[in-house]
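If you count the sequence shown from 1, position 22 lands on 206 in my numbering, and the numbers rise without skipping.
Here the structure is laid out as structure tokens; the discussion comes afterwards.
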Amino acid sequence: MSLMPPYLRSVMRRYLRPTQVYESIHDIDFNHLYRDLGLRHLFFDVDNTLIPYSQTTLSVQTLNLFRAIRPIGFSTIGLISNNSNYTRIQTVSQQLNCPAAVFACKPFVFTMRRLLDVHQASPHESAIIGDQLLTDIALGNYLNMHTIFVDPIEPDGVSAFKAAQYRWQQRYLSRL
Ligand SMILES: [Mg+2]
């Protein structure tokens with residue numbers, strides 16, 4: 185039995201259900217996104233999507249993945265992070281040679297809207313890839329983007345609030 189009113193459930197389904205779910209960014213078929221789904225713009229969350237909080241250097245695998253994505257032909261490969269640590273996100277952005285938006289305040293839409301505007305990207309041709317339903321996925325769904333959820337790389341060692349959120353989203357996704 186659930187105490188949740190039915191309309192709330194449908195609102196949650198509308199905004200929190202990702203288009204695709206993967207274990208990690210390495211499982212995503214980027215050729216498929218480009219060729220079959222017509223996506224042209226990719227926006228990646230940074231923390232725990234590309235790199236754990238505990239690190240500042242990207243793994244060789246992630247560097248190679250980005251090297252492999254480039255020739256596919258996406259018009260935009262950008263980073264969008266809620267982190268306010270400019271230096272940290274800048275370090276990641278330089279390693280990947282991708283533009284980054286810092287302190288994006290996801291799930292608020294203003295930063296993402298600005299990025300779509302700057303890159304002349306239609307939401308239907310754009311994907312957001314991230315590890316949090318309540319920020320990355322909710323924002324992307326609200327803007328009618330393609331939303332790709334990946335499991336957080338390192339779910340331990342985060343704040344109690346985020347740990348609770350990780351546990352909740354894990355349960356929520358398993359029930360979908
Ligand atoms: Mg994240």
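Think of the CB as a built atom: it goes at the ideal place given N, C-alpha and C, for glycine as much as any other residue.
What you are looking at is a predicted structure, and each value in this text was computed from that prediction instead of being measured.
According to DSSP, ILE235 shares a beta bridge with ASP231. Under DSSP, VAL205 forms a beta bridge with PHE333. Between the alpha carbons of LYS346 and ASP229 lies a distance of about 15 Å.
LEU247 is not a Cβ neighbour of VAL276, given a cutoff of 8 Å. THR331 has its CB no nearer than 7 Å to any heavy atom of ligand 1.
Here THR271 is exposed. Its C-beta has fewer than 16 other C-beta atoms within 10 Å. No residue range can be given for LEU242, since it is assigned to no beta strand (DSSP E) and is classified by DSSP as neither H nor E. Between the stretch 330–339 and the stretch 282–292, the count of C-beta pairs closer than 8 Å stays below three; the two stretches do not touch.
Boundaries around ALA311 are those of the beta strand (DSSP E), 310–314, since no alpha helix (DSSP H) includes it.
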